[in-house]
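Written out below as structure tokens is the structure these notes cover.
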Amino acid sequence: MSRTATLAAGIRAHHRRWHSDPILNDAYAVQLVSPFWRQVAHNRLLNWIVVHKLLGPFHPIHTENILRARYAEDRLAEAIADGVRQYVILGAGLDTYALRHPELAGRVRIFEVDQPGMQALKKERVRRVHGGLPAHVTFVPVDFEIDRLDEALAGAGFDPQTPTFFSWLGTTYYLTRPAIRETLDSIAAAAAPESRLVLDFLLARHLIPLEGLPLADKLERLVKRLGEPMVSEFIPKELDGELARVGFAPLDKVPPEEQAGRYLQDRRDMAAPAPNFSFALYARRGMGGGTETDVRTETAG
Ligand SMILES: C[S@@+](CC[C@H](N)C(=O)[O-])C[C@H]1O[C@@H](n2cnc3c(N)ncnc32)[C@H](O)[C@@H]1O
Numbered sequence: 111m112s113r114t115a116t117l118a119a120g121i122r123a124h125h126r127r128w129h130s131d132p133i134l135n136d137a138y139a140v141q142l143v144s145p146f147w148r149q150v151a152h153n154r155l156l157n158w159i160v161v162h163k164l165l166g167p168f169h170p171i172h173t174e175n176i177l178r179a180r181y182a183e184d185r186l187a188e189a190i191a192d193g194v195r196q197y198v199i200l201g202a203g204l205d206t207y208a209l210r211h212p213e214l215a216g217r218v219r220i221f222e223v224d225q226p227g228m229q230a231l232k233k234e235r236v237r238r239v240h241g242g243l244p245a246h247v248t249f250v251p252v253d254f255e256i257d258r259l260d261e262a263l264a265g266a267g268f269d270p271q272t273p274t275f276f277s278w279l280g281t282t283y284y285l286t287r288p289a290i291r292e293t294l295d296s297i298a299a300a301a302a303p304e305s306r307l308v309l310d311f312l313l314a315r316h317l318i319p320l321e322g323l324p325l326a327d328k329l330e331r332l333v334k335r336l337g338e339p340m341v342s343e344f345i346p347k348e349l350d351g352e353l354a355r356v357g358f359a360p361l362d363k364v365p366p367e368e369q370a371g372r373y374l375q376d377r378r379d380m381a382a383p384a385p386n387f388s389f390a391l392y393a394r395r396g397m398g399g400g401t402e403t404d405v406r407t408e409t410a411g
């Protein structure tokens, strides 16, 4: 079981419960988290102790968590409007997109990919709260460090001829470089023309402003204690190189300093986004997916 997946869903549950006009309106997160996190989301005193006192220093991470999910779902909505008919959620954790979008059944096939243990737990919880698994979702157990994603997808009925949207959120930093490369190879092998990929990644330490380093270090210590150390970071151009190697070009980049402008505007109820995570949208190059010149925002490095 992934404790960071529970934490991420707990943050989404808290956001929906305690923020009016939520940026991500995830009504199912609270049902999928552990009883402890459900209590935290519902009980005002416990919420104050856990979210505001104990996790107070991490509020910028909470903001990144919410914004990356909203960003991915906005880009996914555009892709579906453009005709994309498959959605692969890599490192899905307790993601609830499929539960929140029953209207996509028969139109968009969703593949949730995660480590076998985490996925078994998720399926058990979805069955309990939903009375069964959504018919438009296929669960594909994969350990990115061991298994070939393209083979697992092929075995699960994925169609490599159909344009696909891939999201890979909250996960790349927990994987080794070889696992990231092999997963990108698999994505390239499985991605038809017009396919897109949204991911977030940990910024290389020298790109984090000095004043952001204490938070970055605190988070590293926390996730290590949870048994999920962060082992991969990127310079944006280096990540572009990894994606270019497998035929993907950047369409959009959202470094930390861009994130608030996109989604927070003058909201005062959310902390500024974390200084150490960036997210980006890539598309298959030379297949109608855009070129380097389409990038809206270029980051340092
Ligand atoms: C922080 S959670 C993010 C979950 C979800 N994407 C979100 O944003 O809430 C990290 C996810 O990556 C998955 N993960 C970590 N290492 C993995 C691996 N080697 N293979 C497959 N999934 C992995 C975990 O099981 C977990 O679900």
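Under this note's numbering, the first residue of the sequence shown carries the number 111, and numbering increases by one thereafter. The C-beta atom is built at its ideal place from N, Cα and C for all residues, glycine as well. Just so you know, these numbers come straight off a predicted model, no measurement behind them.
Collapsing the DSSP output to three states places residue 138 in coil. Contact check for residue 248 against residue 266 passes: the beta carbons are separated by less than 8 angstroms. Taking C-beta separations shorter than 8 angstroms and ignoring five residues to either side along the sequence, the partners of residue 152 in its chain run 127, 140, following chain order. Where residue 260 is concerned, the enclosing alpha helix (DSSP H) starts and stops at 259-265. Between residue 388 and the set 181, 164, 119, the nearest pair of CA atoms involves 181. Between residue 277 and residue 257, the alpha-carbon positions lie close to 18 angstroms from each other.
Taken in chain order, the unbroken stretches of alpha helix (DSSP H) that lie wholly in the segment 195-272 and span 4 residues or more are 207-210, 226-240, 259-265. Short of 6 angstroms from the beta carbon of residue 173, and not among the five residues preceding or following it, lie these beta carbons of its own chain, in chain order: 380, 381, 383. Here residue 260 is not near residue 305, since their CB atoms are 8 angstroms or more apart.
Residue pairing from DSSP leaves residue 288 without any beta-bridge partner. The continuous stretches of beta strand (DSSP E) do not include residue 163, and DSSP gives it neither H nor E.
A heavy atom of ligand 1 is found nearer than 7 angstroms to the CB of residue 112. Selection 356, 318, 313 evaluated against residue 340 yields 313 as nearest (Cα-Cα).
For residue 394, the beta-bridge partners assigned by DSSP are 358. Judged by the Cβ position, residue 248 fails to qualify as a neighbour of ligand 1 at the 7 angstroms threshold, every heavy atom of the ligand being at least this far.
Here residue 279 is near residue 309, since their CB atoms are less than 8 angstroms apart.
In the three-state scheme derived from DSSP, where H, G and I count as helix and E and B as strand, residue 341 is classed as coil. Cβ contact annotation for residue 237 (same chain, cutoff 8 angstroms, sequence separation greater than five): 243, in chain order.
Note on geometry: alpha-carbon atoms of residue 161 and residue 386 lie some 20 angstroms from one another.
The segment 117-133 makes no contact with the segment 181-200: fewer than 3 CB pairs, one atom from each, lie closer than 8 angstroms. By the Cβ rule, the segment 227-241 counts as touching the segment 194-211, because three or more pairs are nearer than 8 angstroms. At the C-beta level, residue 285 and residue 356 stay beyond 8 angstroms of one another. For residue 307, the uninterrupted beta strand (DSSP E) segment begins and ends at 306-312. A straight-line Cα-Cα distance of about 14 angstroms links residue 143 and residue 209. Put simply, the backbone Cα of residue 289 is about 30 angstroms away from that of residue 245. Take residue 298, set aside five residues on each side of it, and the residues of its chain with a beta-carbon closer than 6 angstroms to its own are 356, 357, in chain order.
Within 10 angstroms of the beta-carbon of residue 178 lie 16 or more other beta-carbons, which makes it buried. The DSSP-derived three-state label of residue 281 is coil. Less than 8 angstroms divides the Cβ of residue 336 from the Cβ of residue 113.
Taking residue 369 as reference, the option from 269, 175, 303 with the minimal CA-CA separation is 175.
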